[in-house]
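Quick notes on the structure that follows.
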Amino acid sequence: MRLCCLLRRNEVDPRSRVENEATNNQSVENDIEKFGLYQIVIFAFIGITLMLTAAFAFSYMFITSEVKYRCSVPECEHAENSTFEPPWLNASAPKINGVISRCTRYVIRNDHLGTCTEASFTNITRDCDSWIYDPNEYTILNEWGFTCDDNQWKLTLVGTIQNIGQTIGLMFTGYISDRYGRRVVLTMATALSGVSGLIHSFSVNYYMFLVFQFLNAFLAAGIYDAGFILGMEMMGVKNRVYGSTIISSMYAMGEILLGLFASWLRSWRMLLRVVYGPALLAIFLPLVIPESVRWLLSKDKHEEVNKIYHKMARMNGLQVTDEAINTFKELSVTKTETKSELVVSDERKPIVQVLHSSVILIRLLVCSFCWLTNGFIYYGMSLNSVSLAGDKYINFMLIAIVEIPAYYISCTLNNYIGRKSTLSSAFLLNGVFCLASLFIPAGVWNYEFLFLYMAGKLCIAMAFSTMYLFTAELFPTTLRNSLLGICDMMSRIGSSLSSQIPLLTRIMPSLPLILFGSMSVIAGILSLIFPETLGMKLPDTVQEAEEIGKSNKTRRYMVTTVTVHDNMWLCCSRKDKADPLRSGLENGATNDPSSENPTEKFGFYQIMVFTFISITLMLTAGFAFSYVFTAGKVKYRCFVPECEHSENTTFEPSWLNSSAPIIDGVISSCTHYVVQNDYSNTCTEASFTNVTRDCDSWIYDSDEYTILNEWNFTCDANRWKLTLVGTIQHTGQFVGLMFAGYISDRYGRRTILTVATSLSGISGLIQSFSVNYWMFLTFEFINATIVAGIYSAGFILGMETMGVKNRVFGSVIISSTFAVGEVLLGLIASLLKSWRMLLRIVYGPALLAVFLPLVIPESVRWLMSKKKHEQVDKIYYKMARMNGLQVTDEAINMFREHIAETKSELVLDERKPIVQVLHSSVILIRLLVCSFCWITNTFVYYGLSLNSVAFGGYKYLNFILVAIVEIPAFCIGCVLNNRIGRKSTLSGAFMLSGLFCLASQFVPAGTGNYGPLFLYMAGKLCIAMAFSTTYIFTAELFPTTLRNSLLGFCSMIGRIGSILAPQTPLLMQIMPSLPFILFGTMGMIAGVLSLIFPETLGTKLPDTVREAEKIGERTRKISNFNMSLRQKSSAER
1 MRLCCLLRRN EVDPRSRVEN EATNNQSVEN DIEKFGLYQI VIFAFIGITL
51 MLTAAFAFSY MFITSEVKYR CSVPECEHAE NSTFEPPWLN ASAPKINGVI
101 SRCTRYVIRN DHLGTCTEAS FTNITRDCDS WIYDPNEYTI LNEWGFTCDD
151 NQWKLTLVGT IQNIGQTIGL MFTGYISDRY GRRVVLTMAT ALSGVSGLIH
201 SFSVNYYMFL VFQFLNAFLA AGIYDAGFIL GMEMMGVKNR VYGSTIISSM
251 YAMGEILLGL FASWLRSWRM LLRVVYGPAL LAIFLPLVIP ESVRWLLSKD
301 KHEEVNKIYH KMARMNGLQV TDEAINTFKE LSVTKTETKS ELVVSDERKP
351 IVQVLHSSVI LIRLLVCSFC WLTNGFIYYG MSLNSVSLAG DKYINFMLIA
401 IVEIPAYYIS CTLNNYIGRK STLSSAFLLN GVFCLASLFI PAGVWNYEFL
451 FLYMAGKLCI AMAFSTMYLF TAELFPTTLR NSLLGICDMM SRIGSSLSSQ
501 IPLLTRIMPS LPLILFGSMS VIAGILSLIF PETLGMKLPD TVQEAEEIGK
551 SNKTRRYMVT TVTVHDNMWL CCSRKDKADP LRSGLENGAT NDPSSENPTE
601 KFGFYQIMVF TFISITLMLT AGFAFSYVFT AGKVKYRCFV PECEHSENTT
651 FEPSWLNSSA PIIDGVISSC THYVVQNDYS NTCTEASFTN VTRDCDSWIY
701 DSDEYTILNE WNFTCDANRW KLTLVGTIQH TGQFVGLMFA GYISDRYGRR
751 TILTVATSLS GISGLIQSFS VNYWMFLTFE FINATIVAGI YSAGFILGME
801 TMGVKNRVFG SVIISSTFAV GEVLLGLIAS LLKSWRMLLR IVYGPALLAV
851 FLPLVIPESV RWLMSKKKHE QVDKIYYKMA RMNGLQVTDE AINMFREHIA
901 ETKSELVLDE RKPIVQVLHS SVILIRLLVC SFCWITNTFV YYGLSLNSVA
951 FGGYKYLNFI LVAIVEIPAF CIGCVLNNRI GRKSTLSGAF MLSGLFCLAS
1001 QFVPAGTGNY GPLFLYMAGK LCIAMAFSTT YIFTAELFPT TLRNSLLGFC
1051 SMIGRIGSIL APQTPLLMQI MPSLPFILFG TMGMIAGVLS LIFPETLGTK
1101 LPDTVREAEK IGERTRKISN FNMSLRQKSS AER
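In UniProt numbering, the protein residues as written are 1 to 1133.
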């Protein structure tokens, strides 16, 4: 239309007119976006601000850093005039790995007189009461006496609070920046953080310190993002990478300066004042930094744009006339017209725009994981640098200096090979370097480790700078800062976890590097999903962002495909006649027994099928929990060779109480007292000295036989070998579930139920003959991999056998039989008390599963989805005959016609499952929320079950009681699911479980076990309700063609929680209440997220993606219709 109008007015060739205008406009745009004096001044002030941000982010590393200290010996010195290294120091305390202990010391001899010497100390140890600190450093460690392992968490908590504050702050700063401008956030956040930081430096106690640590981080959260976006939106396409490198390098310079100031001051209070004081000058930033031009154009503030462009042209030595600015404004109007074409999407709230674009949503999710990985590794490596050998200040500065070449290398690579290749390569190389460092033998020079460490930091710095640039280019202007804020918020979760790395090393020294390497490799692979943005202009709308990386041919094909598909669907949906069979099946509108649907009645046929399914799932419970007893604890004590012989000793001799130290009222099982030299042949309580030694061998309780006493996994040094069994078990299930769902949807539910159960029986019996620990672990993994899909296939088979009315009842039966399997496992384990016999009893009956196809039919819904109508006919006739019903050939033919019509309407369901999911934002969101709910379910459910055997009393009885409480939970869940619906039941169960777990931490010690026991059982009851509801809810939310695949995927993701659950005993070593805090927090979050689901009470199982998407829409449509009627009525009045 525009070309026609131009031709009529001027009678000039429109193509030349357009070409000339485009050339002129491009020339103006290039001149204005040139990197001249104006941009240098702006970047200088932004860079100074971001240098302060680096100091804000990393200052806590020096504020909470370790200070050298030793035990004070009051008999030998006075605290006021003591020296840090007296001459008797080496003899005053035991040495651990060649280092003098800082938390225990030797007792002074009774005959000691005058000045202490090395001969003044005995070999008897005692805990320290006070300490002497290195006078050259002053952190909160010596400010408030945070010494020894018991207080280590108070130091690491500061970093976690710092990053949690940033995470919460980022929830708001992105929105504020997009709403009110980048400069507003940059100015206000920097100035306010300066005020808060100065107050922070005057903290009078630890809790005031934590409060202002959180407040500082909260206020400073959006500074870097706002500054980065402001700088990027000033740059043209050619200079965008260069600008990103400048900003990143300035941030690294801030880290270097922080290290210099910290090394000079060595006082945490002075450091805070020097770091935060200059931030008060940020109130003058609006005088020197303009607002982002792109942001102003998106807000139609053209007058401010004119002023900024005039100033920019004047400082850069260019001539920009009013005509040139008007030309650019015409380009802006063109953008506005384009924007008006997409007003339906771009005028909506950011969250709505994201959820309605599967392309943007997938990018956001992958970006979030990459940012999480970036934050965890980047901050984790920086934090660990102060723990390396040598001067911690120099180490920190070196780690910061290596970032600068990383940014310039990434700048070059981003411009030559593109963003995607640079990002993926940086992640993968970082993973390789981190994992490779694990293979450096102990005792080798540190140069190899140092090289790998520095190379890893260089690569993650490259990834971090590229990630910022890449994220800014992947999202549109209207959402850019909001989505970058979400991604950065995910990064803060990673940085929050990185603060706890010093505690993770106590569990396993190499664990942090394993996590760094694994996450980095995964992020490198996932980043290949992104499109390449090299040479692309910043997208202004959602549609422009979606088109990045797509060729014109692809776009035309997609538009054509969507149009044809929509027209086909509209044509197919215009039916003149009703579907009597469908309405009869769904509404039960007919009273004719001949047309009654056999699946709606729970008759003898369903009883038979459910009986055999239930027996199989009872075995599955034994498979899943047998490791609790095979790798269970056994009572043991130290063997004292001077007092007994291993062949004819008793477990509790008369001298037992005097043979070893008593810790928290329990006799130590890993150390014992040395026997006196003059003892007689028979030991008594007086035969032992007060000198301790580690045990060399042990005496076990003869009543139990697990792998602990099979292979001597005693004391804390071997405890991880017991917990690893559970982790291997659930890792095997995780791997198995990657394939089980697909196999079940491809070859049938009955196939996987039969084959998996039979093979697991064979593997389990072989495992019972394991000759060493590694063979045992191998078959533990194989068993779990084979067993993985049994429960899901059995559950789906049972659910697809049921009608709408009896679906919850069927779910309760299946869940209850699983609980009965747990009870039987506890009973059998208590009778046998031998891990080999237990495995043979549990896995032996599984061999009978080869006969399951004789008694269990295939799922009717699955057969219909595969067009196996002859088998459907046979099953329907058998079902009707066993239930006493009559089903005519006419009814079956009508049902088959209905299936054929449904299939033709939704030909897109022929695509692969992953394609169907990615093309439906509704299904994708459900899948993501389901996955988190499953992780929470398994983590809490298995965690509570595993911890039950650690209670006082009889562990077998404890396990049985915790299993029994599940049965009423399933019945209560059944009633609630049918009365108030699935969504309310699931959300309420999650929240109550979280509440009970958190409340258990507020029960005072010494009040008896009834309070904690009640809360424990209540929490297990609620999580069992949530588990059973999640299974049925998941089955109802997804279509038949995807049901088992997506249920298998959710269950596979859920295994991440069950993999972590066996490690909760190790977490208790860090903080006793940590597992229950995690249980409670995750339960509350899952309860809130589950409110996203639609209600499925009374709805039929969806067969296609379109049917699944429409679940819950009817209520919303009625609500919208009623609202429109009210609005119309109000307008008429």
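Each residue gets a CB set at the ideal place from its N, CA and C atoms; glycine is no exception.
What separation, rounded to the nearest whole angstrom, lies between the Cα atoms of Thr-125 and Phe-56? 43 angstroms
Beta-carbon proximity of Ser-987 to Gly-1083, cut-off 7 angstroms: No, the pair does not count as a contact, with Cβ atoms beyond the cut-off.
Pop quiz: Thr-173 and Asp-225 are said to be a contact at Cβ under 8 angstroms. What is the actual Cβ separation, rounded to whole angstroms? With 8 angstroms as the limit, Thr-173 and Asp-225 qualify as a contact, their Cβ atoms being about 7 angstroms apart.
Assuming Asp-763 and Ile-782 make a contact with CB atoms under 8 angstroms, what is their CB distance in whole Å? It should be noted that the sequence gives Ser, not Asp, for residue 763. Ser-763 to Ile-782, Cβ: 5 angstroms. Contact.
Output the distance between the C-alpha atoms of Val-343 and Met-1025, rounded to the nearest integer angstrom. Legend: pLDDT at Val-343 = 40, less than 50; position of this residue unreliable, no value from coordinates given.
Going by alpha carbons, who is nearest to Cys-997 out of Ile-486, Ile-1059 and Gly-1080? Gly-1080
Rounding to the nearest angstrom, what Cα-Cα distance links Phe-651 and Arg-637 in this structure? Rounded to whole angstroms, Phe-651 to Arg-637 spans 8 angstroms at the Cα level.
For Tyr-378 and Ile-728, what's the separation of their Cα atoms in angstroms? 29 angstroms
Beta bridge counterpart(s) of Lys-95 as assigned by DSSP: DSSP lists Ile-100 as partners of Lys-95.
Using a Cβ-Cβ cutoff of less than 8 angstroms, which residues in the same chain neighbour Val-640 once the five nearest sequence positions on both sides are dropped? Excluding sequence neighbours, Val-640 sits near Ser-659, His-672, Val-675 and Cys-683.
Taking only three categories from DSSP, how would you classify Ser-658? helix
On the DSSP bridge assignment, give the partners of Val-675 in chain order. Checking the DSSP bridge columns, you'll see Val-675 partnered with Phe-688.
When the Cα atoms are used, what is the spatial distance from Gly-632 to Ile-199? 52 angstroms
Segment contact, 8 angstroms Cβ cut-off, at least three pairs: the segment 1034 to 1043 with the segment 856 to 870: yes
Which of helix, strand or coil does DSSP assign to Ser-770? coil
Going by DSSP in three states, Gly-584 sits in which element: helix, strand or coil? Here the model assigns Gly-584 a pLDDT of 36, short of 50, so the residue's position is not dependable and the matter cannot be decided.
Look at the alpha carbon of Thr-560 and the alpha carbon of Met-1052, and state the distance between them as a whole number of angstroms. Here Thr-560 scores only 34 on pLDDT, less than 50, and its place in the model should not be relied on; the value that follows carries that caveat. In a straight line, the C-alpha of Thr-560 is about 37 angstroms away from that of Met-1052.
Which of helix, strand or coil DSSP assigns to Phe-369: helix
Tell me whether Leu-854, by its Cβ, gets closer than 6 angstroms to a heavy atom of the ligand SAM. This structure simply doesn't include the ligand SAM, nor any ligand for that matter.
Go ahead and pull the three-state DSSP assignment for Val-666. strand
Taking all protein chains shown into account, decide if Asn-567 is buried (16 or more other Cβ within 10 angstroms of its Cβ) or exposed. The predicted model places Asn-567 with a pLDDT of 35, which falls under 50 and marks its position as unreliable; any figure quoted below should be read in that light. Classification of Asn-567: exposed, given that the 10 Å Cβ count is below 16.
With 16 as the cutoff for other CB atoms within 10 Å, does Thr-412 come out buried or exposed? exposed
Are the segment 741 to 754 and the segment 846 to 863 touching by the rule of at least three beta carbon pairs closer than 8 angstroms? yes
Which stretch, first to last residue, makes up the alpha helix (DSSP H) that contains Trp-862? First-last of the alpha helix (DSSP H) with Trp-862: 860 to 865.
Does DSSP put Val-975 in a helix, in a strand, or in coil? helix
Cβ shell of Phe-818 (< 6 angstroms), same chain only, five flanking positions each side left out: Leu-617 and Ala-621
Where do the N-terminal and C-terminal ends of the alpha helix (DSSP H) with Asp-178 fall, by residue? 152 to 180
Please name the residue in Cys-370, Tyr-956 and Leu-479 whose C-alpha comes closest to that of Leu-832. Tyr-956
Could you please give me the residues that DSSP links to Arg-70 through a beta bridge? Answer by DSSP bridge pairing, in chain order: Ile-132.
Cutoff 7 angstroms; reference Ser-267; Cβ partners in own chain excluding five residues on either side: Tyr-138
Beta-carbon within less than 8 angstroms of Arg-555's beta-carbon, same chain only, minus the 5 sequence neighbours each way: which residues are those? Reliability fails at Arg-555, whose pLDDT of 39 lies under 50, so the model's placement of it is uncertain and the value that follows must be treated cautiously. Closer than 8 angstroms at the Cβ level, and outside the excluded window around Arg-555, lie Glu-547.
Coarse secondary structure for Arg-696, derived from DSSP in three states: Note that residue 696 is Asp in the sequence shown here, rather than Arg. In the three-state DSSP reduction, Asp-696 falls in the coil class, being neither helix nor strand.
For the segment 413 to 429 against the segment 455 to 467, are there 3 or more C-beta pairs whose distance is under 8 angstroms? The segment 413 to 429 makes contact with the segment 455 to 467, as at least three CB pairs between them are under 8 angstroms.
Is it buried or exposed, Met-312, if we count other Cβ atoms within 10 angstroms and call 16 or more buried? buried
Candidates Ser-491, Leu-484, Met-519 and Met-253, of which the one nearest Val-432 by Cα: Cα-wise, what sits closest to Val-432 is Met-519.
Mapping the DSSP letters down to three states, classify Ser-340 as helix, strand or coil. Bear in mind that the predicted position of Ser-340 carries a pLDDT of just 42, short of 50, making it unreliable; the figure below should be weighed with that in mind. If DSSP states are grouped into helix, strand and coil, Ser-340 belongs with the helices.
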